[in-house]
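For the sequence shown, UniProt numbering begins at 1 and goes up steadily by one.
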Amino acid sequence: METTKVFQLSALSQNDAGAADGNTILCEITKITNGSLRTGSFPVNKEVPLPTPPGQNSSGPTPTWFLQPDGAISETSFELQISCPTDKNYPTTSITVKASDVEKWAAISYNDRDNQIYQNGEYGIFGFAQEGPNGLIYTITAGVLNPQLQG
Numbered sequence: 001m002e003t004t005k006v007f008q009l010s011a012l013s014q015n016d017a018g019a020a021d022g023n024t025i026l027c028e029i030t031k032i033t034n035g036s037l038r039t040g041s042f043p044v045n046k047e048v049p050l051p052t053p054p055g056q057n058s059s060g061p062t063p064t065w066f067l068q069p070d071g072a073i074s075e076t077s078f079e080l081q082i083s084c085p086t087d088k089n090y091p092t093t094s095i096t097v098k099a100s101d102v103e104k105w106a107a108i109s110y111n112d113r114d115n116q117i118y119q120n121g122e123y124g125i126f127g128f129a130q131e132g133p134n135g136l137i138y139t140i141t142a143g144v145l146n147p148q149l150q151g
């Protein structure tokens with residue numbers, strides 16, 4: 001019996017100096033498309049703090065959502081917002097992550113790929129795609145001062 005592949009999204013904060021107060025950077029999943037969340041996923045339609053450093057010093061686990069597709073995994077997606085309510089200068093950023101894009105990005109050889117940069121400069125946000133044994137994995141990192149392309 002073949003197991004259904006899952007589209008996993010994780011979000012964390014790097015908390016670089018000058019990139020807002022990382023302990024107050026929040027992520028909210030506002031919509032999932034063509035699937036349902038598996039048990040163990042963080043909540044949707046609720047702001048979740050992004051821990052720094054993730055999983056260390058009692059910061060708690062990295063917020064992660066596991067989307068089980070209704071059909072083809074390539075037709076699933078997450079919509080999310082990254083915000084920092086304690087920093088009035090931090091721009092709220094809306095991001096849509098489509099599994100079809102993650103499949104393309106993950107297929108590129110590690111040494112040839114670029115990170116997907118959603119916000120440059122002082123309040124940087126980037127994403128990294130990979131394919132794991134159980135499906136697609138996409139990790140968003142916020143709180144990055146001037147994110148760079150991979151390589």
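Don't be surprised by glycine CBs; every beta carbon is placed ideally from N, CA and C.
- Test item: CB-CB of L80 and P49 under 8 Å: no
- Inter-residue spacing [alpha-carbon to alpha-carbon] between M1 and G135: Interpretation of M1 is limited by its pLDDT of 37, a score under 50 that renders its predicted location unreliable; the figure taken from the coordinates is listed afterwards. Rounded to whole angstroms, M1 to G135 spans 16 Å at the Cα level.
- Message: Would you say I29 lies against chain D (beta-carbon separation less than 8 Å)?
- Response: In the structure shown, chain D does not exist; there is a single protein chain.
- Item | Own chain partners of G121 with C-beta closer than 7 Å, once the 5 adjacent residues on each side are dropped | N146
- Query: Is the segment 103–120 in contact with the segment 38–47, if contact means three or more CB pairs nearer than 8 Å?
  - Reply: no
- Query: Taking C-beta to C-beta, are W117 and I140 nearer than 8 Å?
  - Reply: Per the sequence shown, residue 117 should be read as Ile rather than Trp. Not a contact, by the Cβ cut-off of 8 Å.
- Message: Do Q68 and S36 count as a contact pair if the criterion is CB distance below 8 Å?
- Response: yes
- Item | C-alpha gap between G143 and Y123, whole angstroms | 6 Å
- Query: Going by beta carbon distance, what residues of the same chain come within less than 6 Å of I137, once the five residues before and after it are set aside?
  - Reply: Q8, Q130
- Expressed to the nearest angstrom, what Euclidean distance is found between the alpha-carbon atoms of T62 and F128? 15 Å
- Message: Suppose you measure from the CA of A107 to the CA of A11; what does that come to, to the nearest Å?
- Response: 21 Å
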